[in-house]
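First comes the structure, then the notes that go with it.
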Amino acid sequence: MKRNNRKIKTKNKARMPTSSPAIQRRITNTGYSETGASHRKGSLAAWNPIRSSPQSDIDVNLSTLRARSAELYMGTPVATGAIRTSRTNVIGSGLRVSPRPKYGLLGISSAEAATWAKRTQEEFDLWASSKLCDIYRKNNFYDMQDMAYIDYLVDGDAFAVLRYQPPRPNMPYLLRLQLIEGTRVCNPGVQALIGAVVPWTVVVQNPDNGNRIVNGVEIDSDGGVVAYHICNRYPYDPTNLSQNPDWARVEAFGAATGLPNILQISHDERPEQYRGVPYLAPVIEVIKQVSRYSNAELTAAIIKAFFTLFFTESMPHADGVEPVEAVVQQLNGIPRQPLDPNSMELGPGTMNTLPMGYDVKTVDSQRSLSTFEPFTRELIKQIGAAIGQPYEVLIKSFNSSYTASRAALLQAWSEFKMRREWFARDFCQPTYEAWMAEAVFLGRIEAPGFFDDPLLHKAWCNTEWYGPVMGVLDPVKEAQAASARVLYGFSTREKESMEMTGTSWDENVERLSIEKAKLEQEDLPVYPSVQQGESAQNSDPDDDDETKTKGATI
1 MKRNNRKIKT
11 KNKARMPTSS
21 PAIQRRITNT
31 GYSETGASHR
41 KGSLAAWNPI
51 RSSPQSDIDV
61 NLSTLRARSA
71 ELYMGTPVAT
81 GAIRTSRTNV
91 IGSGLRVSPR
101 PKYGLLGISS
111 AEAATWAKRT
121 QEEFDLWASS
131 KLCDIYRKNN
141 FYDMQDMAYI
151 DYLVDGDAFA
161 VLRYQPPRPN
171 MPYLLRLQLI
181 EGTRVCNPGV
191 QALIGAVVPW
201 TVVVQNPDNG
211 NRIVNGVEID
221 SDGGVVAYHI
231 CNRYPYDPTN
241 LSQNPDWARV
251 EAFGAATGLP
261 NILQISHDER
271 PEQYRGVPYL
281 APVIEVIKQV
291 SRYSNAELTA
301 AIIKAFFTLF
311 FTESMPHADG
321 VEPVEAVVQQ
331 LNGIPRQPLD
341 PNSMELGPGT
351 MNTLPMGYDV
361 KTVDSQRSLS
371 TFEPFTRELI
381 KQIGAAIGQP
391 YEVLIKSFNS
401 SYTASRAALL
411 QAWSEFKMRR
421 EWFARDFCQP
431 TYEAWMAEAV
441 FLGRIEAPGF
451 FDDPLLHKAW
461 CNTEWYGPVM
471 GVLDPVKEAQ
481 AASARVLYGF
491 STREKESMEM
501 TGTSWDENVE
511 RLSIEKAKLE
521 QEDLPVYPSV
531 QQGESAQNSD
541 PDDDDETKTK
551 GATI
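Listed below in structure tokens is the structure:
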């Protein structure tokens, strides 16, 4: 009998994996999945925000942010102080231009460039210092800077339309500026008039050319700004219901000149962001809560200041028998009258006689305010950190040491200088270049090659803008530091004059020359001995906030 050696074919069965600690380990994500991106931790499980486009995150909420920001600015001390402090230190009385033509590219000498710059500065001031540069003829260019900057902080952005009108007496230039608040730049349609924005109305299409309009800003297929749509009235204005709304389309740049027709003053923080965010947007909730807390404590303090009296009637005796005086009055036919509290008067030296059976009790409305100041101080510190203003600068309270106070000033000044550069780039410099083009075209300023070569155009238009100077805690120390910077070539006399005193070094030298001649004419010492503080060199500024000045002759 033969043995059957055929192999029986069976279906392949999956083999169980070898049990090992590495395979049995639970498979999880790595990196942030167990920290900031965890969905299992109790502190983060219910926190699931969604990141979307700038239009969804910003533009949908912009009308609410503007309204709340404006209300805080008009009625909350912390918000008002934050915006006005920024305005005062960034703009002040207005940014002043200092022309700096690049004479190396222009082929002129430094002396010729200085003469040209002085002439151009005087010519620009002819236009800028006149109220005729305003389309409404109410403010000059420096006052309009103040208004535009506040609108930029409150609404997130501000606009200025460059318009041209016939020249007037004492005004040879045609250029006029028309300031527009950001709320008037919006999408055409009825939805904008009710003051509310829904997501599907943020981006609409221009039926004439197919471009998209993002909250009043028209963009092409590449996302470049093409035009702005400006309503002829405020979208929500109950006082102007008779005027039918209409939108004007203003092209961003002139087709022939390439110069801007409208300026948008804003600062974008995200790509594809076309509208600005209010300055107070990150701290609106905290400022409102601080305001509510302050109002509650103020109300409590007012109530505590009231002097409240309660007139109480004595209870009958335990046996139910009335006092003898009351019985005698009733026997004599004198009825018992209830006490009228309004008949009693309070005043200095006043004495009142209460009827029998009445007593006076006072109410002591004690309330502790020991936690109010430290609690609000910590919240205001957070507000200041978010908007770039240290607590000392925001509250105008410099009670720390000299070093700490100066550090706060320097920290705030970094924020102010940065915003000044933004504002000058968005508003002042484009306005200056538009004015320069007209001045050269009219022949009032000579600038060879201005319209021929873009490089020469920028060389003639090169400027520096100066504004308010940083406050100083010790003028002697600041002057010594400025002298050292000039001595070692880190700065110039003109720059230090502008930043320390806001004056022109050239004008200072000319005036000093006149004063010197006057002093010599009157036989007076030209450089009298003055007292200079030495405490900065001989003592630690942290030892005493108010250092005493010792005499030294210079």
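All letters in the sequence shown, in the order written, are residues 1 to 554 by UniProt numbering.
We treat Cβ as the ideally placed atom computed from N, Cα and C, and that holds for glycine.
Residues that residue i bridges to, as DSSP identifies them
i: residue 96; result: 466
i: residue 179; result: 160
i: residue 185; result: 230
i: residue 260; result: 253
i: residue 198; result: Looking at the DSSP assignment, residue 198 forms no beta bridge with any residue, so it has no partner.
i: residue 134; result: 177
i: residue 290; result: Paired residues: none, contrary to the question.
i: residue 225; result: 219
Reduced DSSP secondary structure (H/G/I, E/B, other) of residue i
i: residue 243; result: coil
i: residue 151; result: helix
i: residue 450; result: coil
i: residue 39; result: coil
i: residue 561; result: Residue 561 lies beyond the stretch modelled for the chain, which goes from 1 to 554, so this question has no answer here.
i: residue 77; result: helix
i: residue 218; result: strand
i: residue 142; result: helix
i: residue 231; result: strand
i: residue 278; result: coil
i: residue 168; result: strand
i: residue 238; result: helix
i: residue 570; result: The shown model of the chain, from 1 to 554, leaves out residue 570, and the question about it has no answer.
i: residue 389; result: coil
i: residue 248; result: strand
i: residue 213; result: strand
i: residue 205; result: strand
i: residue 268; result: coil
i: residue 440; result: helix
i: residue 472; result: coil
i: residue 372; result: helix
i: residue 551; result: With a pLDDT of 34 at residue 551, under the threshold of 50, the modelled position of that residue is not reliable, and no figure is offered here.
i: residue 303; result: helix
i: residue 492; result: coil
i: residue 116; result: helix
i: residue 64; result: helix
i: residue 48; result: coil
CB-CB length for residue i against residue j, believed under 8 Å
i: residue 482; j: residue 496; result: 4 Å
i: residue 145; j: residue 427; result: 7 Å
i: residue 466; j: residue 86; result: Their Cβ separation, rounded to whole angstroms, is 17 Å, which puts residue 466 and residue 86 out of contact at 8 Å.
i: residue 500; j: residue 469; result: 6 Å
i: residue 153; j: residue 459; result: Rounded, the Cβ-Cβ distance is 33 Å, inconsistent with contact.
i: residue 187; j: residue 216; result: 6 Å
i: residue 261; j: residue 162; result: 6 Å
i: residue 134; j: residue 176; result: 7 Å
i: residue 151; j: residue 181; result: 5 Å
i: residue 173; j: residue 167; result: 7 Å
i: residue 281; j: residue 52; result: Actually they are not in contact, since the Cβ atoms of residue 281 and residue 52 sit about 16 Å apart, beyond 8 Å.
i: residue 423; j: residue 149; result: 6 Å
i: residue 409; j: residue 471; result: 6 Å
Environment of residue i [buried if 16+ CB atoms lie within 10 Å]
i: residue 405; result: buried
i: residue 76; result: buried
i: residue 159; result: buried
i: residue 44; result: exposed
i: residue 456; result: buried
i: residue 156; result: buried
i: residue 79; result: buried
i: residue 46; result: exposed
i: residue 436; result: buried
i: residue 285; result: exposed
i: residue 478; result: buried
i: residue 453; result: exposed
i: residue 31; result: exposed
i: residue 263; result: buried
i: residue 257; result: exposed
i: residue 128; result: buried
i: residue 266; result: buried
i: residue 389; result: buried
- Query: Does the count of Cβ pairs from the stretch 90–103 and the stretch 412–428 closer than 8 Å reach three?
  - Reply: Contact check between the stretch 90–103 and the stretch 412–428: three or more CB pairs, one atom from each, fall below 8 Å, which counts as touching.
- Item | Cβ contact check for the stretch 388–407 and the stretch 429–443: 3 or more pairs under 8 Å | Contact between the stretch 388–407 and the stretch 429–443 is absent, because fewer than three Cβ pairs lie under 8 Å.
- Query: Are the stretch 206–226 and the stretch 129–146 touching by the rule of at least three beta carbon pairs closer than 8 Å?
  - Reply: Fewer than three beta-carbon pairs drawn from the stretch 206–226 and the stretch 129–146 are found closer than 8 Å, and the two stretches are therefore not classed as touching.
- Item | Cβ contact (3+ pairs, closer than 8 Å) linking the stretch 219–228 and the stretch 246–255 | Two segments are said to touch when three or more pairs of C-beta atoms, one from each, lie closer than 8 Å; by this definition the stretch 219–228 touches the stretch 246–255.
- Message: I'd like to know if the stretch 59–75 and the stretch 268–288 are in contact, where contact means that at least 3 CB-CB pairs between them fall below 8 Å.
- Response: At 8 Å Cβ cutoff, the stretches touch.
- Task: Decide yes or no for the touch test of the stretch 117–128 against the stretch 380–393: beta carbon pairs closer than 8 Å, at least 3 of them.
- Result: No, the stretch 117–128 does not touch the stretch 380–393.
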